[in-house]
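Peer 1: One structure is given below, represented as structure tokens, and several questions about it will come after.
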Amino acid sequence: MDKAGLDPIDWPPAWPRVLDEDFGAPLPGEFRASPEDFRVEECLDFAPEGEGEHLWLWVEKRDLTTAMVARELSRCCEVSSRAVGYSGMKDRVAVTRQWFSVQLPGRESPSELVERLAVLGIRVLDQGRHPRKLKRGVHRANRFHLRVTGAAAEDPSLEARWARLCRDGVANYFGPQRFGPDGRNLVRARALLARGWRKRDDRDGMLLSATRSLLFNELLATRIRHGSWSTPLPGEVVMLDGTASQFGVETPDAELRQRAARLDLHPTGVLWGVGDSAAKGEARDFEAALPERYPGLCRGLEQAGVRLARRSLRLALADPRLERYAGPAGGEALLTFSLPRGAFATAVLRELIMHPGL
Numbered sequence: 042m043d044k045a046g047l048d049p050i051d052w053p054p055a056w057p058r059v060l061d062e063d064f065g066a067p068l069p070g071e072f073r074a075s076p077e078d079f080r081v082e083e084c085l086d087f088a089p090e091g092e093g094e095h096l097w098l099w100v101e102k103r104d105l106t107t108a109m110v111a112r113e114l115s116r117c118c119e120v121s122s123r124a125v126g127y128s129g130m131k132d133r134v135a136v137t138r139q140w141f142s143v144q145l146p147g148r149e150s151p152s153e154l155v156e157r158l159a160v161l162g163i164r165v166l167d168q169g170r171h172p173r174k175l176k177r178g179v180h181r182a183n184r185f186h187l188r189v190t191g192a193a194a195e196d197p198s199l200e201a202r203w204a205r206l207c208r209d210g211v212a213n214y215f216g217p218q219r220f221g222p223d224g225r226n227l228v229r230a231r232a233l234l235a236r237g238w239r240k241r242d243d244r245d246g247m248l249l250s251a252t253r254s255l256l257f258n259e260l261l262a263t264r265i266r267h268g269s270w271s272t273p274l275p276g277e278v279v280m281l282d283g284t285a286s287q288f289g290v291e292t293p294d295a296e297l298r299q300r301a302a303r304l305d306l307h308p309t310g311v312l313w314g315v316g317d318s319a320a321k322g323e324a325r326d327f328e329a330a331l332p333e334r335y336p337g338l339c340r341g342l343e344q345a346g347v348r349l350a351r352r353s354l355r356l357a358l359a360d361p362r363l364e365r366y367a368g369p370a371g372g373e374a375l376l377t378f379s380l381p382r383g384a385f386a387t388a389v390l391r392e393l394i395m396h397p398g399l
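Residue numbers (this note's numbering): 42 to 399.
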């Protein structure tokens, strides 16, 4: 701890990349020169039923946060912010498509709503009625279309790097946007937890989330250095790919290791909070190091009442594709892939390009 009794937070972090050992550090590259270079589409497993008191809107936004769109819907429809629902938070500097819901019991859609939103850069692509509000975290995945430029896009080893990620998976780091510019969310979180977390100081839980994300990334970085980020350890809790289903493993056998190699299942790490970790043995030893290094952050999360959870240490890229082509300023690459909700495309990009924002 520092002189003020606060846990040390080193920024920028030196979290290791998986591919560096075999390929070296990636070359410099750009990935978001304009919002059109970063396209995201939310994937739901269901659609509006066609009737109900909630108006669902499938929208495309450009250079806007999800919260900004929610506020505009609240204003245009003359409802409270609580009447607006969405599943996931999407990047601002991007072109993204996602569903929103607005509770309008006994009311028709406001006249000229589509036109009013279009003026703000929000295109309504589809709409329908549904009996229920759209809840957070109900989408299954996000589909990404990312344009990469610069030396990294022209690197002859790009295909080999990409193939390795497709074969072995990607380290499931929380992205830098979770921590704010220069890690400022963590500085605020550390101070808040030191004096005692109160909801009025962190209404949407952003600072609690940033703290848990830091601790998870530190755990994942340690497992990468140890060489066990993708291999179940004795006492591991593993998660089935594409689901939240988990089970403990006392001693990994050959079949389980083969399933891990096929990306059927992944080791998990703790999202710190109140509760007892299901991990045991060697896997639990790695988790036990977190409160030793960050006693104030771990204790602060527990005192705030955050419940312990688990997150996969690894991601599998779904339907991945890499295309190269010549652009006006040199070689370009288009990366297309899907990730489960809660995963960050920046975790994929940091293995392929060197960029200060990663």
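Positions of the beta carbon are idealized from the N, C-alpha and C atoms, including for glycine. None of the values given here were measured: they were computed from a predicted structure.
1. Just to confirm before moving on: does the CB-CB distance between Ser271 and Arg355 stay below 7 Å?
2. Hey, Asn213 and Ser353 are a contact pair by Cβ (cut 8 Å); roughly how many whole angstroms apart?
3. Could you check what DSSP says for Ser401 in three-state terms: helix, strand or coil?
4. Report the CB separation of Arg164 from Val110 in whole angstroms; it is logged as a contact under 8 Å.
5. Expressed to the nearest angstrom, what Euclidean distance is found between the alpha-carbon atoms of Gly372 and Arg241?
6. Exposed or buried, which one is Val315 when buried takes at least 16 other CB atoms within 10 Å?
7. So for Val155, helix, strand or coil by DSSP?
8. Cβ of Val134 within 7 Å of Cβ of Arg73?
9. Report buried or exposed for Lys44, applying the criterion of at least 16 other Cβ atoms within 10 angstroms of its Cβ.
10. Tell me, which residues are paired with Thr137 by DSSP?
11. In terms of alpha-carbon separation, which member of Arg205, Arg239, Arg253, Ala357 lies closest to Phe215?
12. From which residue to which residue does the beta strand (DSSP E) around Val279 run?
13. State the Cα-Cα distance for the pair Ala192 and Gly70, rounded to the nearest angstrom.
14. Less than 7 Å separating the beta-carbons of Ala320 and Gly283?
15. Could you tell me the distance, in whole angstroms, from the CA atom of Val155 to the CA atom of Ala124?
16. Here's the rule I'm using: 16 or more other beta-carbon atoms within 10 Å means buried, otherwise exposed. How should Gln139 be labelled?
17. May I have the straight-line CA-CA distance separating Gly93 from Gly126, to the nearest angstrom?
18. Ordered along the chain, which non-local residues of its own chain (more than five positions away) have a Cβ less than 8 Å from that of Glu328?
19. For Pro381, which option in Gly337, Pro53, Cys339, Ser128 has the closest C-alpha, if you only look at C-alpha atoms?
20. What is the residue span of the beta strand (DSSP E) that Phe378 lies within?
21. Would Ala262 and Trp56 qualify as a contact pair, given that the criterion is a beta-carbon distance under 7 Å?
22. Express the C-alpha separation of Gly162 and Arg103 in angstroms, rounding to a whole number.
23. Tell me the rounded alpha-carbon separation between Phe64 and Leu256.
24. Buried or exposed: His267, going by 16 or more other Cβ atoms within 10 Å of its Cβ?
25. Give me the DSSP bridge partner(s) of Gln144.
Peer 2: Taking the geometry as given:
1. yes
2. 5 Å
3. A question about residue 401 goes unanswered here, because the residues of the chain that appear run from 42 up to 399.
4. So it is not a contact: roughly 11 Å between Cβ atoms.
5. 49 Å
6. exposed
7. helix
8. yes
9. Low confidence applies here, because Lys44 scores a pLDDT of 47, under 50, leaving its location unreliable; read the following figure in that light. Classification of Lys44: exposed, given that the 10 Å Cβ count is below 16.
10. Val81, Lys102
11. Arg253
12. 277-281
13. 6 Å
14. no
15. 18 Å
16. buried
17. 15 Å
18. Leu260, Gly310, Val311, Ser318, Ala320
19. Ser128
20. 371-381
21. yes
22. 6 Å
23. 27 Å
24. exposed
25. His95
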